[in-house]
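K.L.:
Sequences listed follow chains A and B, in order.
Positions 1 to 283 (our numbering) are the ones given, in order, by the first sequence.
Positions 1 to 806 (our numbering) are the ones given, in order, by the second sequence.
Just so it is clear, CB atoms sit at the ideal spot from N, CA and C, and this is done for glycine as well.
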Amino acid sequence: MIPGVFEYHRPGAVAEAVALLRAHGDEARVVAGGHSLIPMMKLRMAAPEHLIDLQGLDELRGIEIGAEIRIGAMTTQHEILTHSGLAEAAPIMAEAARQIADPQVRYLGTIGGNVANGDPGNDMPGLMQCLDARFTLAGPDGTREVAARDFFESAFMTTREEEEILTSINFARPTGGWAYEKLKRKIGDYATAAAAVQIAVEGGKVTAAAIAMTNLSDVPVLSAGAAAALTGTGCGPEAVKAAVDAMQADIDPVEDNRGPVEFKRHVAGVILARAIARAFERA
Amino acid sequence: MNEMTPSREERTANLKGTGCARKRVEDARFTQGKGNYVDDVKLPGMLFGDFVRSPHAHARVTSIDPAAALALPGVVAVLTAKDLEPLNLHWMPTLAGDRQMVLADGKVLFQGQEVAFVVAEDRYIAADAVDLVEVEYEDLPVVVDPYKALEDDAPVLREDLEGQDEGAHGPRRHHNHIFRWEAGDREAAEAAIGGSEVVVSERIYYQRTHPCPLETCGCVASMDKVNGKLTVRGTFQAPHVVRTVASLLSGIDEHNIRVISPDIGGGFGNKVGVYPGYVCAIVASIVTGVPVKWVEDRMENLMATAFARDYWMDGTISATKDGRITGLKAHVIADHGAFDACADPTKFPAGFFHICTGSYDIPAAHVAVDGVYTNKAPGGVAYRCSFRVTEAAYMIERLIEILAAKLDMDAAELRRINFIKADQFPYQSALGWEYDSGDYHTAWEKALRAVGYEGLRAEQAQRIADFKAGKTRKLLGIGLTHFTEIVGAGPVKNCDILGMGMFDSCEIRIHPTGSAIARLGTISQGQGHATTFAQILASETGIPADQITIEEGDTDTAPYGLGTYGSRSTPVAGAATAMAGRKIRAKAQMIAAYLLEVHDDDLEWDVDRFAVKGATERFKTMAEIAYAAYNQAIPGIEPGLEAVSYYDPPNMTYPFGAYICVMEIDVDTGEHGIRQFYALDDCGTRINPMVIEGQVHGGLTEALAIAMGQEIAYDDIGNVKTGTLMDFFLPTAWETPNYTTDWTETPSPHHPIGAKGVGESPNVGGVPAFSNAVHDAFRAFGLTQSHMPHDHWRIWKIAHDLGLHG
Ligand SMILES: Cc1cc2nc3c(=O)[nH]c(=O)nc-3n(C[C@H](O)[C@H](O)[C@H](O)COP(=O)(O)OP(=O)(O)OC[C@H]3O[C@@H](n4cnc5c(N)ncnc54)[C@H](O)[C@@H]3O)c2cc1C
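Listed below in structure tokens is the structure:
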């Protein structure tokens, strides 16, 4: 449980960090909160020779609430959990953050690290897809924006280039009801199944819905079919069942210590149904 | 003077003796992070050892090349079996009469097995060097299923034992068989069962788990080449035994070995045995002449140091149709892993599993246990229980529930009908034990009343009706357990470890000003000995507990003892403490008689003093007596006030308890919630109610962990699947329910102060209580047996298989 030898860098500006990444290529990794990367280094599943610490980059911190919501990549899960403006503008963020890990991890773990990591177990990627967020990446040739829904390629693989740093996350203020529902074995555990649901309702009927599932495939699963199944309905039992069926067609869970595939498929449905019910009630 | 004398009650309270909820004296340092654990030990010039471990569960080791590791600056040595062989230390004896590789000798037998020991100037270099040692393996077929291990064509795991038909415990029946152990009368049991109206048989698995103490295992070995003395500081639950073993193995005279157990961060049986890390650190220190530290990490601890349980128990229980139990039979396949490294008393290779008639008066019984080798880590230790007692309690408490279902009878009533009655004690069990004391009916009725049992059953019936009507998706389980423990090993006539009788000891010195130090052969790992043993002594000698230092764990100063596990400290060392205290008092009485110019017999003991009978204003306090013992020439009496006692217990003690768990179960996700947990413990005389409550809380939480999530699981090729705390369940405050504790007090008739031991009871009784609650929730739907751990997917599977998901 001791990492290999590495050199530690602490740049003071994004450009400097990008330059370090460029100089050291695939021998370098940025570290944010360190709560995904450092465990992997201790297991020697990751052995970067250069560790570039982003803690000195104040420009990557903070939450801005306007018509759009902007969250700096280095914002911690704890800050997300306790930000009153965010609680009002996008309450699903705190509901999800509260279900990540434990307080110690949340004090350090960042939203940027959580999405850049590309671990199917992370909760933020699915949530970002549900909210249709956009990620800003800074690289040697300037910045670009990638939609969360296009970002995740496979486990631990994203469209971020090796020389790019994720600087911020933007999404439109969500409307309607919300729910982040997660089944886990214990505090500090990744999801057995989790569902992020946003539902807009008018006159008792769903006008728009977004549904994304976590840890049920090697990437987060945005289920357009499930969302479509709810649209125009009052989220009655049949509509919920149709949404669950559609979602279950989209996921691809694997067996692990949390249980076999059959179980995961089933509880994914239970969790989604509960999330829909709560979101609809709040809409 | 007389008016100044505080009342007897005040003086008694001032002692903080037996019965006082005295705060733990250890906690001031532990809660401030000021404990001194092995990893806090830093000696000048100290080197660090780290293991190269096998990634394979069964493979031939074809070559080990340390060249690249040795080339790394800061690496001092790389030890392999070849280096240990000339010292005859490449293998070592286990506590169970088997032998175990210290470093891989030609092959490896489990994932995580120690292959080479790297010694370096710091632990970071050591870790880097581990990666550089090149080991070549040739895969061999892996056996993780003990039943498959016993098939005719199963691969031979222990080639070193080939052709040896006789093991440490009798004949071996197969090349992967270790022992067959039996108790009771097979014919009588079979006859009783055969003639019974109702018989149930069930295979009950108690899964492999791990004690997982917060502090992992480790040591610092330090060979002083100038004076020839070896000092080993380590996480040892039995420091004196470690000294003897170290002497026998190394050939160093025992007086030249000093073993010290500093503060220990939990043991739970994991720290009883002798591990390759200790041997390698000692050898490395002898070779290098400087101290060598070895401390395993969490994954190594879970993967390679002693596991617990892994018992496949085929139980049969029979009864009349009105519920009188007539017989019990059990056959166990015990998976011991690659080496038999259990830490049981030598004559008991299956520990005290034959306590499995539990709290019930069962006229005929028989058990047979077959130990089996597999490609898994060795161990089989008593994880917060006396040897194999939790397995026994789990089996009988499951069988009782299964029998109750078969009889269509209330499980509380079935227990009531079959309990050993208070007037039957001392009770001879069909499997050969003599239960010292008990009053099960009283405890049981108190427990049922406390939880409102009838009301709970009515609520459960309503819940089932609601569930069937589609009004709820949650079921209610009421988990009952009445357990009987057997602790305090044990009488030297039949209990020994490596030939050392399982007595224990206490040595007391009273200082001239009336305070004292007492040293014991045991060692606390969190049990609070420094608190409770001082209380026993306070009551025996009249010296306030606050003025008594308790010291354990340094073999150069403490008297020889067998250590702390199996709840034996209070029953054995606690008894020695009381007996040594009484010796102090006997001498004190003679001194007081001289000082008061009366005959010894004219004095009576009064809390903290000897007073003249009929003239109690004339007295000498223990403090006055102590002063005189050192300052006055008393004819015919040696100066000083010291005593030592080695206590050989005449019998085990038999704590018992009644636990009830009320559990909500979500049929759709397999989640559970514990609404209520009531634990009544009877541990005989209660020395410190607060310490007892703490022990019960801790033990119940470990029981919760085992029942609801903990396991060491392997895949088909012997990879450990649960090697980190992400997958190995260790409950936090969040998962831990609220507990209600209660007690009855039935003293042990043979223990000097009537105490029985309690640290392990909650684990022994807790596991079946949680598990029975899960089973009980589904009883109405036809569930008979579902193996632990009852994690989400396994509970979900119960519901699924019973058709409850529609
Ligand atoms: C016990 C435990 C339980 C956990 N449980 C959960 C859980 O339930 N749900 C959950 O979602 N997470 C969980 N986590 C993970 C935790 O939330 C991590 O903090 C998070 O995944 C990563 O954030 P970080 O800031 O720590 O990133 P780091 O560990 O520092 O980095 C993670 C990866 O992202 C890269 N990276 C980080 N920041 C950037 C950036 N700005 N630009 C480009 N690349 C970047 C790093 O190079 C690295 O590859 C758990 C962690 C632990 C230790």
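Taking a contact to mean a Cβ-Cβ separation below 8 Å, would you say A/Asn170 touches A/Thr136 in this structure?
P.N.:
What you label residue 170 of chain A is simply residue 170 of the first sequence in a count that begins at 1. What you label residue 136 of chain A is simply residue 136 of the first sequence in a count that begins at 1. Cβ atoms of A/Asn170 and A/Thr136: closer than 8 Å.
K.L.:
Which residue's Cα is closest to the Cα of A/Ile111: A/Lys205, A/Ala89, A/Ser84, A/Ala148?
P.N.:
Here residue 111 of chain A corresponds to residue number 111 of the first sequence, with the count starting at 1. When only C-alpha atoms are compared, the closest one is A/Ala148.
K.L.:
Evaluate contact between the region 79 to 97 of chain B and the region 276 to 288 of chain B, counting only Cβ atoms and requiring at least three cross-stretch pairs below 8 Å.
P.N.:
Result yes; three or more Cβ-Cβ pairs closer than 8 Å.
K.L.:
Using beta carbons (cut-off 8 Å, strictly below), is B/Trp294 in contact with chain A?
P.N.:
Position 294 of the second sequence holds residue 294 of chain B. Closer than 8 Å: no.
K.L.:
Can you confirm whether A/Phe6, when its beta carbon is compared against all beta carbons of chain B, has any partner nearer than 8 Å?
P.N.:
Within the first sequence, residue 6 of chain A is the residue found at index 6, counting from 1. No, because no Cβ of chain B sits closer than 8 Å to the Cβ of A/Phe6.
K.L.:
Use the C-beta contact count for B/Ala393: other C-beta atoms within 10 angstroms, 16 or more gives buried, fewer gives exposed.
P.N.:
Indexing the second sequence from 1 puts residue 393 of chain B at position 393. With 16 or more other Cβ atoms within 10 Å, it is buried.
K.L.:
Give the DSSP-derived three-state secondary structure of B/Met1 in the structure shown.
P.N.:
Working through the second sequence from its first residue, we reach residue 1 of chain B at position 1. Because the pLDDT of B/Met1 is 44, which lies under 50, any placement of that residue in the model is unreliable, and the number read from its coordinates should be weighed accordingly. Coil.
K.L.:
Does the distance from the CB of B/Asp439 to the CB of B/Ala450 come in under 8 Å?
P.N.:
For the purposes of this step, residue 439 of chain B is identified with residue 439 of the second sequence, where counting begins at 1. For the purposes of this step, residue 450 of chain B is identified with residue 450 of the second sequence, where counting begins at 1. No, they are not a contact pair.
K.L.:
Is the beta carbon of A/Val105 within less than 7 Å of some heavy atom of ligand 1?
P.N.:
Residue numbering aside, residue 105 of chain A sits at position 105 when the first sequence is read from its first letter. Indeed, a heavy atom of ligand 1 lies less than 7 Å from the Cβ.
K.L.:
I need the boundaries of the beta strand (DSSP E) containing B/Val720, first residue and last residue.
P.N.:
If you number the second sequence from 1, residue 720 of chain B lands on position 720. Per DSSP, B/Val720 belongs to no beta strand (DSSP E) and is neither H nor E.
K.L.:
Can A/Leu222 be considered in contact with ligand 1, in the sense that its beta carbon sits closer than 7 Å to one or more heavy atoms?
P.N.:
For the purposes of this step, residue 222 of chain A is taken as the residue at position 222 of the first sequence. No; taking the cut-off as 7 Å, the Cβ of A/Leu222 has no heavy atom of ligand 1 nearer than that.
K.L.:
With a threshold of 7 Å on Cβ separation, who are the neighbours of B/Trp294 within its own chain once the five nearest residues in sequence on each side are excluded?
P.N.:
Along the second sequence, read from residue 1 onward, the residue named residue 294 of chain B stands at position 294. These residues qualify, in order along the chain: Gly49, Gly218, Cys219, Gly277, Cys280, Ala281.
K.L.:
Determine whether the beta carbon atoms of B/Val492 and B/Gly501 lie at a separation below 8 Å.
P.N.:
Position 492 of the second sequence, counting from 1, holds the residue named residue 492 of chain B. Position 501 of the second sequence, counting from 1, holds the residue named residue 501 of chain B. For B/Val492 and B/Gly501, yes; Cβs fall inside 8 Å.
K.L.:
Between which two residues does the alpha helix (DSSP H) containing A/Leu37 stretch?
P.N.:
Residue mapping note: residue 37 of chain A aligns to position 37 of the first sequence, counting from 1. It spans 37 to 42 - the alpha helix (DSSP H) in which A/Leu37 sits, taken as one unbroken run.
K.L.:
Could you name the residues of the same chain whose beta carbon sits closer than 7 Å to that of B/Gly170, not counting the 5 residues immediately before and after it, in chain order?
P.N.:
If you number the second sequence from 1, residue 170 of chain B lands on position 170. Counting only Cβ-Cβ distances below 7 Å, and skipping sequence neighbours, we find Phe179, Arg180.
K.L.:
Is it the case that the CB of A/Val146 approaches a heavy atom of ligand 2 more closely than 7 Å?
P.N.:
Here the bound small molecules are ligand 1; ligand 2 is not part of this structure.
K.L.:
Is B/His336 near ligand 1, with its Cβ less than 7 Å from a heavy atom?
P.N.:
Counting from one through the second sequence, the residue named residue 336 of chain B turns up at place 336. Not under cutoff, so the answer is no.
K.L.:
Can you give, in chain order, each stretch of the alpha helix (DSSP H) that sits fully within the region 35 to 118 of chain A and has at least 4 residues?
P.N.:
Those alpha helix (DSSP H) runs which fall completely within the region 35 to 118 of chain A and span 4+ residues are 37 to 42, 77 to 82, 84 to 89, 91 to 97, 103 to 108, 111 to 116.
K.L.:
So for B/Arg388, helix, strand or coil by DSSP?
P.N.:
Reading the second sequence from its first residue, position 388 is the one you call residue 388 of chain B. Coil at B/Arg388, not helix or strand.
K.L.:
So who's on the other strand from B/Glu134, going by DSSP bridges?
P.N.:
Position 134 of the second sequence, counted from the first residue, corresponds to residue 134 of chain B. In DSSP, B/Glu134 forms a bridge with B/Asp65.
K.L.:
Under 7 Å from any heavy atom of ligand 1, does the C-beta of A/Pro39 make it?
P.N.:
Taking the first sequence and counting its residues from 1, one reaches residue 39 of chain A at position 39. Checking every heavy atom of ligand 1 against the Cβ of A/Pro39, one is found closer than 7 Å.
K.L.:
Any heavy atom of ligand 1 closer than 7 Å to the Cβ of A/Leu54?
P.N.:
By 1-based counting over the first sequence, the position of residue 54 of chain A is 54. Result yes, Cβ under 7 Å from ligand 1.
K.L.:
Determine the chain A residues that contact B/Phe729 at a beta-carbon separation under 8 Å, and present them in chain order.
P.N.:
Locating residue 729 of chain B in the second sequence gives position 729, counting from the first residue. Neighbours of B/Phe729 on chain A, chain order: Arg185, Lys186.
K.L.:
Any heavy atom of ligand 1 closer than 7 Å to the Cβ of B/Gly45?
P.N.:
Looking up residue 45 of chain B in the second sequence gives position 45. False, no ligand heavy atom lies under 7 Å from that Cβ.
K.L.:
Using beta carbons (cut-off 8 Å, strictly below), is A/Asp189 in contact with chain B?
P.N.:
Translated into the one-based positions of the first sequence, residue 189 of chain A becomes position 189. True, the Cβ-Cβ gap to chain B drops below 8 Å.
K.L.:
Using the Cβ count rule (16 or more neighbours within 10 Å means buried), how would you classify B/Met1?
P.N.:
For the purposes of this step, residue 1 of chain B is identified with residue 1 of the second sequence, where counting begins at 1. Low confidence applies here, because B/Met1 scores a pLDDT of 44, under 50, leaving its location unreliable and the question unanswered by this model.
K.L.:
DSSP state of B/Arg11, grouped into three classes?
P.N.:
Position 11 of the second sequence, counting from 1, holds the residue named residue 11 of chain B. Correct three-state label for B/Arg11: helix.
K.L.:
Taking Cβ-Cβ distances below 9 Å as the criterion, which residues of the region 787 to 805 of chain B are in contact with chain A?
P.N.:
Those would be Asp791, His792, Trp793, Arg794, Trp796, Lys797, His800, His805, in chain order.
K.L.:
Give the residues of chain A in contact with B/Ala127, contact being defined as C-beta atoms less than 9 Å apart.
P.N.:
Numbered from 1 along the second sequence, position 127 holds the residue referred to as residue 127 of chain B. Result: Met1, Ile2, Pro3, Gly4, Arg44.
K.L.:
Could you compute how far the alpha carbon of B/Ala116 sits from the alpha carbon of B/Glu159?
P.N.:
Mapped onto the second sequence, residue 116 of chain B falls at position 116. Mapped onto the second sequence, residue 159 of chain B falls at position 159. Answer to the nearest angstrom: the Cα atoms are 20 Å apart.
K.L.:
Taking 8 Å as the CB-CB limit, is B/Glu215 close to chain A?
P.N.:
Taking the second sequence and counting its residues from 1, one reaches residue 215 of chain B at position 215. So, not an interface residue.
K.L.:
Does DSSP put B/His672 in a helix, in a strand, or in coil?
P.N.:
Sequence index remark: in the second sequence, residue 672 of chain B carries index 672 (1-based). Looking at B/His672 - three-state DSSP - the assignment turns out to be strand.
K.L.:
How about A/Asn258: is its C-beta nearer than 8 Å to some C-beta of chain B?
P.N.:
Position 258 of the first sequence holds residue 258 of chain A. Checking the sequence shown, residue 258 of chain A turns out to be Arg, not Asn. Answer yes: the Cβ-Cβ gap between A/Arg258 and chain B drops below 8 Å somewhere.
K.L.:
With DSSP collapsed to three states, give me the class of B/Met579.
P.N.:
Residue mapping note: residue 579 of chain B aligns to position 579 of the second sequence, counting from 1. The answer is helix: DSSP assigns B/Met579 an H, G or I state.
K.L.:
Flag B/Gly438 as yes when its Cβ comes closer than 7 Å to any non-hydrogen atom of ligand 1, and as no otherwise.
P.N.:
On the second sequence, position 438 is the one that residue 438 of chain B refers to. False, no ligand heavy atom lies under 7 Å from that Cβ.
K.L.:
Starting from A/Gln198 and walking both ways along the beta strand (DSSP E), at which residues does that stretch end?
P.N.:
Reading the first sequence from its first residue, position 198 is the one you call residue 198 of chain A. Looking at the DSSP string, the run of the beta strand (DSSP E) that includes A/Gln198 is 193 to 202.
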